[in-house]
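K.L.:
I'd like to ask you about the structure that follows.
Shown next, in the form of structure tokens:
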């Protein structure tokens, strides 16, 4: 069965971000979205460490390590972009000034509950960062993740078993096998990759999915 690689997933997310949106890209997989935003579309990327107008990753050798995102990756700053105090960045996030945030996840429930900061494993270091602020503060929360764990368990679940980041906050999930819309009525399959049917997804996830 075909699966999208991470770059193709990022491209798929990028095409759904509208003109003029203010967007935060979470640490990890979502940061790749910055590299695939259409050049003719103005999207203002915000980073919780205090950047607005963030551009794609720099070419190898052109990194400025004083200019990084929240995941400590080198980034670029577009013309007109700016940087500011961390507290101001969180005020922007908490104040409802972001249109979209794109986050990674350990689990997402069909009703939109999100668990993305801690697996509950002994010895794991809890580090929620700004995830709770983003998940609730942004007008729309999107999740980008692989559908299955390494041992074949679905990350899209009936109910999250990991500590929650936010309740009912996720409206859409982009995975390597399908895109799902979530809500109080459950999960609906928006589209699938080539060779993957809705019944295949039902078998993989063990969920009741609308197709």
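In my numbering, the protein residues as written are 44 to 254.
Beta carbons are placed, not taken as given, at the ideal position from N, Cα and C, and that holds for glycine.
(1) I believe residue 171 touches residue 199 by the beta-carbon criterion, under 8 angstroms. Please report the beta-carbon distance rounded to the nearest angstrom.
(2) Compare the Cα-Cα distances from residue 183 to each of 50, 60 and 106 and report the closest residue.
(3) Does the stretch 102-120 come close enough to the stretch 145-163 to have 3 or more Cβ pairs within less than 8 angstroms?
(4) So residue 67 is in the beta strand (DSSP E); what residue range does that whole segment cover?
(5) I believe residue 46 touches residue 243 by the beta-carbon criterion, under 8 angstroms. Please report the beta-carbon distance rounded to the nearest angstrom.
(6) For residue 221, which residues in the same chain have their Cβ closer than 8 angstroms to its Cβ, ignoring the five residues on either side in sequence?
(7) Apart from the five residues just before and just after residue 111, which ones in its own chain have a Cβ nearer than 8 angstroms to its Cβ?
(8) Going by beta carbon distance, what residues of the same chain come within less than 6 angstroms of residue 160, once the five residues before and after it are set aside?
(9) Look up residue 149 in the DSSP assignment and say whether it is helix, strand or coil.
(10) Using 8 angstroms as the threshold, is the C-beta distance between residue 138 and residue 94 below it?
P.N.:
Inspection of the coordinates gives the following:
(1) 21 angstroms between Cβ atoms; not a contact.
(2) 60
(3) no
(4) 65-68
(5) So it is not a contact: roughly 12 angstroms between Cβ atoms.
(6) 190, 232, 233, 234, 235, 236, 239 and 244
(7) 92, 117 and 118
(8) 171, 174 and 208
(9) coil
(10) no
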